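In what follows, a structure is listed as structure tokens, so that the remarks can point back to it.
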Amino acid sequence: MTDAVRAALRAQRIELPSWAFGNSGTRFKVFAQRGVPRTPYEKVEDAAQVHRYTGVAPTVALHIPWDKVDDYTDLAAFAGECGVGLGTINANVFQDDDYMLGSVTSPDPVVRRKAVDHLLECVEIAAGVGVRDVKLWFSDGTNYPGQDSIRARQDRLAEALRETYEALGEGQRLLLEYKLFEPAFYTTDVPDWGTAYAHCLRLGPKAQVVIDTGHHAPGTNIEFIVAFLLREGKLGAFDFNSRFYADDDLMVGAADPFQLFRIMHEIVVADALAPEAGIAFMLDQCHNIEPKIPAQIRSVMNVQEATAKALLVDHRALTEAQQAGDVLGANAVFMDAYNTDVRPLLAQVRQEMGLDPDPVAAYARSGYADKIVADRVGGQQAGWGA
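The letter at position 38 of the sequence shown is residue 38 when you use UniProt numbering, and the numbering goes up by one with no holes.
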């Protein structure tokens, strides 16, 4: 059992978001930090540091146009030199004045055309660097009753998704993300997993749902959604983070580590942890007050710990208790795994991989943080503005 657990942990892959390394903040203020990357190339350098000390974060997702460059193949080659690769291409149709009333669901056909053209650009970028996934999240919605036709907006959404889907190349996927609310507060055009699932089901096998762990109402049973979509073959990816306030970008496992364990249990039960299962695990976090690279390292470690505990569940004992109707016994098996201290196991796994057993301490000793503060003087720091 332990050998199998260690093998699974060594094979685990967690993608990093480029935007985690830029300046970010709340709706009211973006907080600048020293040493923050100024270019996508410097973001890749920082992401490579996370992989260097964790060994399980070999790709970095891009957000277009935040990470727009003249030559994406050159960026991919640079990433390879740093020891990582490019990952999911994320579209951005929410930071342009034209999108005030929506992007692909806007009542203005000119705005809709502009938005869809950007989605097609993202498909082309992904194809050019050999990336499988293009992820779509829409801030589209309305703030007032009667502002627009709810049904018509769904029609426009479906049309845009269909055109994007048909542009996908061999082996590419469209990942559709949902969010309960914000910035649209009356209706959100993709507010829940059911809406995303319905659109993906109609599109076809290359369309999959993304579960962002912060995009739900308080008390939502996310592991049920995970189990359902896995059963239907429609779960394509995770965006890991933690929900303390209306947005979702704090460190994964910070608010409810037990929830993260429950989610990973469903992944393990469905034998969907290995990369070949097709579930893309990614951090989607903006570190506002904590240092960027250590926060990403710690987040990767949090996912590893939840995964290790999920792998330690005694499935035979759990199934026997469930089938016998032994409520307390089944819960005890579940809780035994969750209450296990897996840090020594993970330290052993890292040593087997030739890594320091304490990634955070190893990074702190490396001197990289001081180096980037000294080197990255001048220029425009990356960030999403505000």
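Yeah, the Cβ is synthetic: ideal placement off N, Cα and C, and Gly gets one too.
Quick caveat, the model's predicted, so the values are computed rather than measured.
How would you label residue i, buried or exposed, when you count the other beta carbons within 10 angstroms and need 16 or more for buried?
{"i": "Ala386", "result": "Any reading at Ala386 needs caution, since the residue's pLDDT is 49, under 50, leaving its predicted position unreliable; the model's value is listed next. Under this definition Ala386 is an exposed residue."}
{"i": "Asn92", "result": "buried"}
{"i": "Glu276", "result": "exposed"}
{"i": "Pro37", "result": "buried"}
{"i": "Gly102", "result": "buried"}
{"i": "Ala48", "result": "buried"}
{"i": "Gly204", "result": "exposed"}
{"i": "Gly379", "result": "exposed"}
{"i": "Leu328", "result": "exposed"}
{"i": "Thr73", "result": "exposed"}
{"i": "Met251", "result": "buried"}
{"i": "Asn241", "result": "buried"}
{"i": "Ala237", "result": "buried"}
{"i": "Arg316", "result": "exposed"}
{"i": "Val349", "result": "buried"}
Can you list, in chain order, the residues of its chain with a C-beta nearer than 7 Å to that of residue i? Leave out the 5 residues immediately preceding and following it.
{"i": "Ala308", "result": "Val5, Leu9, Val342, Leu345, Leu346"}
{"i": "Val360", "result": "Pro294, Ile297, Arg298"}
Determine the direct distance from the alpha carbon of residue j to that of residue i, and round the result to whole angstroms.
{"i": "Arg153", "j": "Ala196", "result": "14 Å"}
{"i": "Trp384", "j": "Trp66", "result": "8 Å"}
{"i": "Gln208", "j": "Met282", "result": "15 Å"}
{"i": "Ala11", "j": "Lys371", "result": "31 Å"}
{"i": "Ser149", "j": "Arg113", "result": "19 Å"}
{"i": "Pro291", "j": "Asp336", "result": "34 Å"}
{"i": "Val50", "j": "Cys82", "result": "11 Å"}
{"i": "Asn288", "j": "Gly214", "result": "16 Å"}
{"i": "Asp70", "j": "Thr54", "result": "31 Å"}
{"i": "Ala127", "j": "Leu119", "result": "13 Å"}
{"i": "residue 388", "j": "Cys200", "result": "No answer is possible for residue 388: it lies beyond the span of the chain, which begins at 1 and ends at 386."}
{"i": "Glu170", "j": "Ala79", "result": "24 Å"}
{"i": "Asp326", "j": "Asp314", "result": "15 Å"}
{"i": "Gln95", "j": "Ala310", "result": "38 Å"}
{"i": "Ala7", "j": "Gln285", "result": "27 Å"}
{"i": "Val303", "j": "Gly253", "result": "8 Å"}
{"i": "Lys68", "j": "Tyr41", "result": "11 Å"}
{"i": "Ile279", "j": "Lys206", "result": "13 Å"}
{"i": "Pro109", "j": "Glu159", "result": "12 Å"}
{"i": "Gly233", "j": "Val373", "result": "45 Å"}
{"i": "Ala369", "j": "Leu355", "result": "19 Å"}
Assuming residue i and residue j are in contact, meaning their beta carbons sit under 8 Å apart, how far apart are those beta carbons, in whole angstroms?
{"i": "Leu273", "j": "Ile267", "result": "5 Å"}
{"i": "Gly167", "j": "Val129", "result": "Note that residue 167 corresponds to Ala in the displayed sequence, not to Gly. Not quite, the Cβ-Cβ distance comes to about 16 Å (not below 8 Å), so this is no contact."}
{"i": "Asp46", "j": "Phe21", "result": "4 Å"}
{"i": "Val84", "j": "Val56", "result": "Wrong, their Cβ atoms sit about 12 Å apart, outside the cutoff."}
{"i": "Leu62", "j": "Asn90", "result": "7 Å"}
{"i": "Val210", "j": "Glu163", "result": "In fact, because the Cβ distance is near 19 Å, the residues do not count as touching under 8 Å."}
{"i": "Leu157", "j": "Asp133", "result": "With 8 Å as the limit, Leu157 and Asp133 do not qualify as a contact, their Cβ atoms being about 19 Å apart."}
{"i": "Gln306", "j": "Pro257", "result": "It is worth fixing the name first, because residue 306 is Ala in this sequence and not Gln. Between Pro257 and Ala306 the Cβ distance is about 7 Å, and since that is below 8 Å, they are a contact."}
{"i": "Arg376", "j": "Gly35", "result": "5 Å"}
{"i": "Val131", "j": "Gly87", "result": "7 Å"}
Closer than 8 Å by C-beta to residue i: which residues in its own chain qualify, once you throw out the five before and the five after it? Chain order, please.
{"i": "Ala184", "result": "Ser139, Asp140, Gly141, Thr142, Asn143"}
{"i": "Val111", "result": "Asp98, Tyr99, Leu101, Gly102, Ser103"}
{"i": "Val226", "result": "Ile211, Leu235, Ile263, Glu266, Ile267"}
{"i": "Ala364", "result": "Pro294"}
{"i": "Asp271", "result": "Ala277"}
Please list, in chain order, all residues of the same chain as residue i whose beta carbon is under 6 Å from its beta carbon, the five residues on each side excluded.
{"i": "Asp192", "result": "Tyr178"}
{"i": "Ile125", "result": "Tyr72, Ile89"}
{"i": "Phe181", "result": "Thr188"}
{"i": "Trp137", "result": "Glu177"}
Nearer than 7 Å: is that true of the beta carbon of residue i relative to any heavy atom of the ligand GTP?
{"i": "Gln348", "result": "Inclusion of the ligand GTP in the displayed structure is not the case, the ligand content being empty and no account of it being possible."}
Check your understanding: Counting Cβ pairs closer than 8 Å, one from the region 283-301 and one from the region 11-27, do we hit at least three?
Key -> yes
Check your understanding: Counting Cβ pairs, one atom from each stretch, are 3 or more of them under 8 Å apart for the region 171-182 and the region 142-160?
Key -> no
Exercise for review: Count the CB pairs spanning the region 332-339 and the region 316-324 that are closer than 8 Å, and state whether there are at least three.
Suggested key: yes
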